[in-house]
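Single-structure report; data block below.
Protein chains: 2
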Amino acid sequence: MKHLRILTYVAEVARHGAIRRAAERLNITPSALTRQIQDIEYELGTPIFERVAQGMRLNAAGELLVRHIRDQRADLERVRSQIADLSGVRRGHVALACSQAFVNHVVPDEVEAYRALFPQVTFTVQVRDHVQAVAALTQFEADLALVLQPPPSADMQVLFSCRQTLCALMRAGHPLAAETGPVRLRDCLVHPMAVPDRSLAIRHHLDDALARRGAPLNAVIESSSLEFLRNLVLREDAVSLQVPSGIPDDPRLCSRPIDARDLPPMSLILAQLRGRTLPVATAKFADRFAGSLHQRYGADVS
Amino acid sequence: MKHLRILTYVAEVARHGAIRRAAERLNITPSALTRQIQDIEYELGTPIFERVAQGMRLNAAGELLVRHIRDQRADLERVRSQIADLSGVRRGHVALACSQAFVNHVVPDEVEAYRALFPQVTFTVQVRDHVQAVAALTQFEADLALVLQPPPSADMQVLFSCRQTLCALMRAGHPLAAETGPVRLRDCLVHPMAVPDRSLAIRHHLDDALARRGAPLNAVIESSSLEFLRNLVLREDAVSLQVPSGIPDDPRLCSRPIDARDLPPMSLILAQLRGRTLPVATAKFADRFAGSLHQRYGADVS
DNA sequence: TGGGCCGTTGCGATTTCGGAAACAGGGGGC
DNA sequence: GCCCCCTGTTTCCGAAATCGCAACGGCCCA
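In order, the protein sequence lines correspond to chains V and G. Using UniProt numbering, you'd call the opening residue of the first sequence number 1 and step up by one each time. Using UniProt numbering, you'd call the opening residue of the second sequence number 1 and step up by one each time.
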């Protein structure tokens with residue numbers, strides 16, 4: 001919407017901390033930008049940026065203003081969505097932040113199903129770790145977050161949660177693939193392990209469990225990319241750890257759940273920012289997503 | 001705020017139910033309004049008004065939008081209020097030193113008006129003569145000084161100045177009260193004079209003028225209290241001298257300006273200590289005060 | 001069937017906005 | 001201490017959005 005132009009300028013300067021970079025991003029010149037900022041500061045009767053040698057930094061008044069701008073934009077988006085809803089076609093946009101573990105099946109399946117119903121609804125899917133995903137919610141960069149074991153936060157309102165049992169993942173020819181059913185963690189640890197690095201919740205979960213029993217981790221490979229780890233176990237007899245939803249349907253891969261005595265299940269959470277009224281399209285998608293997850297994994301028993 | 005202009009247009013049309021009436025209220029032409037409305041409807045992709053013979057009526061989408069506009073305006077107002085709070089405009093203290101001449105109308109009016117806007121701002125008003133008032137500034141006992149004819153001082157930074165013509169003050173039944181308009185000083189001097197004593201700038205001003213023409217002063221009463229002098233002229237046919245701003249609105253009193261040939265006008269000065277950065281609340285008050293004085297007495301022509 | 005009200009449109013004038021380049025000021029490296 | 005680079009800011013000018021004016025077409029009511 002046109003009237004948000006100036007506010008967008010402020011938000012962009014705040015985001016980049018510099019007029020010149022923001023101007024480049026906005027496809028205008030720094031001079032135009034500096035004037036708009038000055039106009040706003042004049043209107044408010046107080047500066048909203050602190051001028052430092054490195055650029056512009058928000059002051060307290062500016063913090064309040066950019067929060068307002070974010071709220072205002074989100075609210076307008078909600079209104080537009082409601083209006084579009086009235087006119088029959090459901091259109092809108094869904095911004096989702098999710099963990100890597102869900103880029104294989106869960107999210108693409110759901111997005112596809114929803115877009116089959118409402119082709120006018122568009123999506124952005126950002127892959128973030130569990131900490132960044134929550135941050136994306138609070139900064140209005142995402143409407144919804146689907147993450148494993150997020151840090152507890154009062155800002156987060158859980159729309160759905162369930163338990164996911166970690167699985168040992170290996171290639172089809174691997175010795176552990178000879179049997180099916182749960183596998184003990186110690187049977188995995190004798191093999192070279194290809195595990196997520198500490199940016200991922202799975203690794204934290206694993207470390208916690210190992211620390212409690214003093215078992216050493218023989219981490220041959222660690223990576224921030226689950227996809228890389230999967231590709232690795234296809235090439236050598238290493239064992240990786242992934243949640244079921246992150247395991248693609250590939251006959252060359254084999255997975256067995258880790259015995260619950262060794263590793264408690266992880267929590268899978270679909271959440272939004274607490275207190276936010278989502279746009280119609282987004283709310284509807286969240287609703288269907290929660291239902292779909294329930295159907296797939298069942299409700300949380302905790 | 002500027003960016004709300006277009007939204008205000010929508011709200012106003014919604015309120016009046018007609019573009020022409022709304023346009024009149026907004027001080028623009030109907031053509032400008034109708035185009036802005038069309039722009040918004042184009043952006044939203046749907047009409048927000050239903051065109052009827054009597055004018056414009058909101059449809060469902062419009063209802064949603066005007067609710068958003070109301071919310072948005074209220075939220076912005078809240079943010080502005082918070083910003084004002086932390087910038088200190090709202091709460092604070094103003095220490096003012098002023099001459100006796102301003103305790104009747106000028107200062108109380110201004111303090112009342114400002115406190116109506118910012119009830120959290122407190123005041124101390126010290127009545128000082130023109131010399132003491134400047135001293136109060138330099139000693140940080142006062143933030144602002146409003147005085148007549150202060151001694152020139154490099155420490156003083158003038159925020160506003162104008163001219164005040166001295167007036168002869170007498171009771172309603174006095175012979176001089178029979179006429180109106182300027183009065184010559186010699187016509188006053190034939191009556192018993194009730195004049196300020198030498199602690200007040202008015203007296204210095206009067207003495208200077210009399211000394212230049214060698215006229216004697218028949219000072220029956222002199223006092224450091226303008227209020228006392230006023231009470232005196234109510235009781236006998238004496239004549240006092242005061243500046244217009246010191247004369248209360250009392251039907252029993254009558255005043256006539258002294259002819260400019262006899263007494264040049266005195267200068268009224270609002271000043272602060274040079275180089276001092278006043279607290280926000282104080283600076284804001286000084287600003288409004290200067291504007292208000294300008295409106296009352298006009299700018300200084302010297 | 002006019003008159004009055006309504007919103008809307010074309011066009012010229014005004015205001016606002018943005019772009020290019022020069023300016024001013026503060027680090028950081030030499 | 002000097003120089004270079006990066007920062008925001010200012011100035012001048014052209015471009016674009018906005019507005020005002022006048023005219024038009026539609027609707028209601030007397």
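In this text, a Cβ means the ideal position worked out from N, Cα and C, and glycines have one as well. None of the values given here were measured: they were computed from a predicted structure.
Within 9 angstroms (strictly less), CB to CB, does residue i reach chain V?
i       : result
G/Met56 : no
G/Val13 : no
G/Leu64 : yes
G/Ala60 : yes
State the Cα-Cα distance for the pair residue i and residue j, rounded to the nearest angstrom.
i        : j        : result
V/Ala172 : V/Ala11  : 51 angstroms
G/Ser302 : G/Gln164 : With a pLDDT of 44 at G/Ser302, under the threshold of 50, the modelled position of that residue is not reliable, and the figure given next carries that caveat. Their backbone Cα atoms lie some 12 angstroms apart in a straight line.
G/Ala271 : G/Asp129 : 14 angstroms
G/Ala286 : G/Ser99  : 16 angstroms
V/Gly298 : V/Cys162 : 7 angstroms
G/Asn59  : G/Pro47  : 8 angstroms
V/Pro182 : V/Cys188 : 11 angstroms
V/Val233 : V/Ser245 : 17 angstroms
G/Thr180 : G/Ser224 : 28 angstroms
G/Thr34  : V/Leu44  : 30 angstroms
G/Gly92  : V/Pro150 : 45 angstroms
G/Phe289 : G/Leu273 : 16 angstroms
V/Phe160 : V/Val103 : 18 angstroms
G/Cys254 : G/Ala97  : 28 angstroms
G/Glu24  : G/Ala14  : 14 angstroms
V/Gln36  : V/Glu50  : 15 angstroms
V/Leu210 : V/Arg186 : 10 angstroms
V/Val220 : V/Pro192 : 6 angstroms
V/Lys124 : V/Glu141 : For the record, residue 124 of chain V in the displayed sequence is Thr; it is not Lys. When rounded, the distance between both Cα atoms is 10 angstroms.
G/Asn27  : G/Arg5   : 12 angstroms
V/Val79  : V/Tyr114 : 21 angstroms
V/Arg296 : V/Glu222 : 29 angstroms
G/Glu77  : V/Ile202 : 46 angstroms
V/Ser240 : V/Arg213 : 20 angstroms
G/Thr282 : G/Val94  : 5 angstroms
G/Val134 : G/His105 : 22 angstroms
For a contact meaning CB atoms closer than 8 angstroms, what does residue i contact in chain V?
i        : result
G/Ser292 : In chain order: nothing, as chain V lies at least about 18 angstroms away.
G/Arg80  : Leu44
State the start and end residues of the unbroken beta strand (DSSP E) segment that holds residue i.
i        : result
G/Thr124 : Val121 to Val127
G/Glu50  : Phe49 to Val52
V/Gly173 : No beta strand (DSSP E) contains V/Gly173, which DSSP labels as neither H nor E.
G/Ile269 : Met266 to Leu273
G/Leu159 : Met156 to Gln164
V/Val106 : Taken as a continuous stretch (DSSP letters only), V/Val106 belongs to no beta strand (DSSP E), being part of the alpha helix (DSSP H) at Val106 to Leu117.
V/Ser255 : Leu253 to Pro257
Determine whether the Cβ of residue i lies closer than 9 angstroms to any Cβ atom of chain G.
i       : result
V/Arg25 : no
V/Asp71 : yes
V/Arg67 : yes
V/Leu76 : yes
What residues from chain V crowd round residue i, counting only those whose CB sits closer than 9 angstroms?
i       : result
G/Gln38 : Residues of chain V passing the Cβ test: none, with the nearest at roughly 13 angstroms.
May I ask which residues mark the beginning and end of the alpha helix (DSSP H) holding residue i?
i        : result
G/Val13  : Arg5 to His16
V/Leu206 : Ala201 to Arg213
G/Ser31  : Pro30 to Leu44
V/Val239 : Segment Val239 to Gln242 is the beta strand (DSSP E) holding V/Val239; no alpha helix (DSSP H) there.
V/Gly291 : Val280 to Tyr297
G/Asp249 : Note, G/Asp249: premise wrong, no alpha helix (DSSP H); not H, not E.
G/Asp187 : Leu185 to Leu189
V/Arg91  : Per DSSP, V/Arg91 belongs to no alpha helix (DSSP H) and is neither H nor E.
Note down, in chain order, every chain G residue with its Cβ under 8 angstroms from the Cβ of residue i.
i      : result
V/His3 : His3, Leu4, Arg5, Ile6 and Leu7
Just to make sure I have the definition right: I need the residues of chain G whose C-beta is within less than 9 angstroms of the C-beta of residue i. Which are they?
i       : result
V/Thr46 : Ile83, Ala84, Leu86, Ser87, Val89 and Val280
Would you list the residues sitting across from residue i in a DSSP beta bridge?
i        : result
V/Val134 : Paired residue(s): none; V/Val134 is not in a bridge.
V/Ile221 : V/Ala194
V/Leu146 : V/Cys98 and V/Leu270
G/Leu58  : G/Phe49
G/Ala23  : None; G/Ala23 has no bridge partner.
G/Ala168 : G/Leu241 and G/Arg256
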